[in-house]
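Numbering (our numbering) for the sequence shown: 1401 to 1930.
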Amino acid sequence: MGSIRWRYLGLGGAVLALAGGLLLSRSSAPVDFNAEIRPILNDRCITCHGGVKQAGGFSVLFREEALDTTEAGVYAIVPGDPDASELLRRVTHPDADERMPPEGPPLADDEVAALRRWIEQGAEWADHWAYVAPQPQALPDVSDPAWGKTDLDRFVRARLDAEGLAPSPEADCATLLRRVALDLTGLPPTPEQTDAFCANPSDAAYAQVVDSLLASPHFGERWAAMWLDLARYADTKGYERDAARSIWRYRDWVVDAFNRDLPFDRFTIEQLAGDLLPGATDAQVLATAFHRNTTTNDEGGTDDEEFRVAAVIDRVNTTFEVWQGTTFGCVQCHSHPYDPFRQVDYYRVYAFFNNTEDADRFDEYPVLRTYDRTDEAEVRALLQRIEAINRTDTTALPSLSERVHRALYPDPAHRIVPSHFDGRRAINVESEFAIAQEPGAYLRFDGVDLTGIASVTYEFYGGREDATLEIRLGAPDGPRISRAAILPGDGGPRAVRVPVRPTPGVHDAFFVFNEGGRAGGFRLHTIYLH
């Protein structure tokens, strides 16, 4: 027999060999970037070297940035060579003034070891777990395989087993019916529905109940409400006036889309670009009101560009939050510290939506005229009759149009009624709309053909000695082509006709009211172009 000394020496050698084998195994095991490295970078580095700041010209947001040279001209990370990597030198520096991170405790030994192993293995990056496609998983073993009705239930039971919990008893038929009815329609079942189901609570009967609830119009109403929240739907425009907005047809479109089970790809395309589809229907154009739900500031005197940009930003952020399932607003100012979004990506998406205007319009032009189902059928029938007339006699339709125009407007003027324009002050006077103007306010309407126009007539109420009404082109301070004095009268409706400088072509016309004090009840009612 050997001595006890040699026995202990042999045991000690085995322990050392085992420990050395474990260390060697750990150092050679592939590093899991998301599990071991990303938490260190996000928790201890990214505050100064990432999204908002890139101190020293070093960023750990993206691999190519992390492997680039710093402002000092050195490489913070040299794949395969941790000893040549400035990152390792700085996190282990004995001088507290040189060591990183500059605030808080130094990295723990295991964190430094993980960084070293990672660099040794090539400093590979990995996608954030949220952007890794899930893979099919084998069904777990459970204590009672017969429990549950679907494969998903096996995963639920496995977690219950792991937590030492038992499933709750199966709900009674009335409770089950109430749950599914509230989930699908937001309404409880009727007593008659409950009695019918509980008389035969079989799987087949339950399937029939689900089918009937899915076929109910209340299904679309229930689930559309959730989508409308994402679409920031509201019947008002927001901001300080929070004026009414007529966009309820979009709400009905969403309800109908759920009820007819519109495929999600079509649901997406029609809301983001329905107007760009070939031969787009009114319904597809209406769907694009998804992005008309931005708040609108039509208060006079505000900075139009400020609120226009705010609406574009809202459209960008909402698009990503709804369809990408991620916040995107922070990328407006800096690359995202967690998601793989660069700041340049934000403004590439912004460019898609950057084609709007904000001109303090009350009517939220452009708008889509819609009809209820009965009226729509009549309109379609009328259009078909007009098309038939046009096919059989090409002169009949223009002559009809001319006769109607002469009957409505004996004066050969281009008449623009109040419903065609908008401005800073819209009021209702004696059951008809007029525009109440204040100094510096203006009316705007687009695409006015001024070819052959020689004069303009204004019908209005009120006025002041020093008040004028001008026509300017393209902007409130654009070229002036007409100027009229708006003198006070006896309080009743009056008209004034003034010349217009010949300006052929189609233009955006601004009617600008100028006056030293308040308008004292001035209301512009109608404009005729002659």
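Here a beta-carbon is modelled for each residue, glycine too, at the ideal position from N, C-alpha and C.
In this text the structure is predicted, and so the values were computed from the model without any measurement.
(message) Given this structure, state the Cα-to-Cα distance separating alanine 1624 from arginine 1517, to the nearest angstrom.
(response) 51 Å
(request) Let me know if glutamine 1684 comes out buried or exposed under the rule of 16 or more other beta-carbons within 10 Å of its beta-carbon. (result) buried
(request) Compare the C-alpha of isoleucine 1713 against each of Tyr1650, Ala1466, Gln1732 and Asp1572 and name the closest. (result) Gln1732
(request) Over the uninterrupted beta strand (DSSP E) stretch that includes aspartate 1846, give me the two end residues. (result) Aspartate 1846 -> beta strand (DSSP E) spans 1842-1849.
(message) On the CB-based measure, 16 or more other CB atoms within 10 Å of its CB, does glycine 1577 come out buried or exposed?
(response) Residue identity differs from the one stated: residue 1577 is leucine in this sequence, not glycine. Counting Cβ neighbours within 10 Å, leucine 1577 comes out buried, since at least 16 surround it.
(message) For the region 1490-1498 against the region 1456-1473, do three or more pairs of beta-carbon atoms, one drawn from each stretch, fall closer than 8 Å, so that the two count as touching?
(response) no
(request) Please state whether DSSP places glutamate 1859 in a helix, a strand or coil. (result) strand
(message) So, with DSSP's three-state summary, where would you put aspartate 1611?
(response) helix
(request) Report yes if the C-beta distance between valine 1906 and glycine 1852 is below 7 Å; otherwise report no. (result) At the C-beta level, valine 1906 and glycine 1852 stay beyond 7 Å of one another.
(message) Can you tell me where the beta strand (DSSP E) holding isoleucine 1881 begins and where it ends?
(response) 1880-1885
(request) Mark phenylalanine 1913 as exposed unless 16 or more other C-beta atoms lie within 10 angstroms of its C-beta, in which case mark it buried. (result) With 16 or more other Cβ atoms within 10 Å, it is buried.
(request) Identify every residue that forms a DSSP beta bridge with leucine 1871. (result) Residue identity check: residue 1871 is isoleucine in the sequence provided, not leucine. The partner list for isoleucine 1871 (beta bridge, DSSP) reads Ser1882 and Phe1911.
(message) Here's the rule: buried if 16 or more other CB atoms are within 10 angstroms of the residue's CB, otherwise exposed. What is glutamate 1915?
(response) buried
(message) Residues in the same chain with beta-carbon distance under 7 Å from tyrosine 1858, minus the five sequence neighbours each way, listed in chain order, please.
(response) Leu1869, Ala1884, Ala1895, Val1896, Leu1924 and Ile1927
(request) Report, in whole angstroms, the separation of the C-beta atoms of alanine 1558 and proline 1540, which I expect to be a contact under 8 Å. (result) 4 Å
(message) Am I right that threonine 1695 and tyrosine 1639 are in contact with their C-beta atoms under 8 Å? What's the rounded C-beta distance?
(response) With 8 Å as the limit, threonine 1695 and tyrosine 1639 qualify as a contact, their Cβ atoms being about 6 Å apart.
(message) So if DSSP puts histidine 1449 in a beta bridge, which residue, or which two residues, is it bridged to?
(response) Gln1454
(request) With DSSP collapsed to three states, give me the class of leucine 1797. (result) Any reading at leucine 1797 must be qualified, since the residue scores a pLDDT of 46, below 50, and its modelled position is unreliable; the value itself is stated next. Under the three-state reduction of DSSP, leucine 1797 is assigned to helix.
(request) Give the DSSP-derived three-state secondary structure of tyrosine 1606 in the structure shown. (result) When secondary structure is reduced to three states using DSSP, tyrosine 1606 falls in the helix class.
(request) Only counting runs of 4 or more residues, tell me where the alpha helix (DSSP H) segments fall wholly within the region 1537-1617, in order along the chain. (result) 1551-1562, 1573-1585, 1591-1598 and 1603-1614
(message) When you compare the CB positions of phenylalanine 1910 and arginine 1844, do they come within less than 7 Å of one another, or not?
(response) yes
(message) Under 6 Å: does the beta carbon of isoleucine 1477 sit that close to some heavy atom of the ligand SAH?
(response) Among the components of this structure there are no ligands whatsoever, and the ligand SAH is therefore not found.
(message) Comparing C-alpha positions only, which one of Val1655, Val1542 and Gly1473 sits nearest to leucine 1560?
(response) Checked all of Val1655, Val1542 and Gly1473; the closest Cα to leucine 1560 is Val1542.
(request) Could you say which of Pro1506, Leu1461 and Val1431 lies nearest to histidine 1734 if we only look at CA atoms? (result) Minimum Cα distance to histidine 1734 is reached at Leu1461.
(message) For leucine 1628 and tryptophan 1648, I'd like the C-alpha separation in whole angstroms.
(response) Answer to the nearest angstrom: the Cα atoms are 11 Å apart.
(request) Would you please state the rounded distance, in angstroms, between the beta carbons of leucine 1515 and valine 1491? I believe it to be under 8 Å. (result) Taking the Cβ atoms as the reference, leucine 1515 lies roughly 7 Å from valine 1491, within the contact range of under 8 Å.
(request) Tell me tyrosine 1475's beta-bridge partners as DSSP assigns them. (result) Thr1469, per the DSSP bridge assignment.
(message) Distance check for valine 1556 and glutamate 1563, CA to CA, integer angstroms please.
(response) 11 Å
(request) Go ahead and pull the three-state DSSP assignment for valine 1749. (result) It is helical.
(message) On the DSSP letters alone, give me the boundaries of the alpha helix (DSSP H) that valine 1900 sits inside.
(response) Note, valine 1900: premise wrong, no alpha helix (DSSP H); not H, not E.
(request) Check whether the Cβ atoms of alanine 1476 and leucine 1487 lie closer than 7 Å to each other. (result) yes
(request) Taking only the alpha-carbon atoms, compute the straight-line gap between alanine 1530 and arginine 1489 and give it to the nearest angstrom. (result) 32 Å
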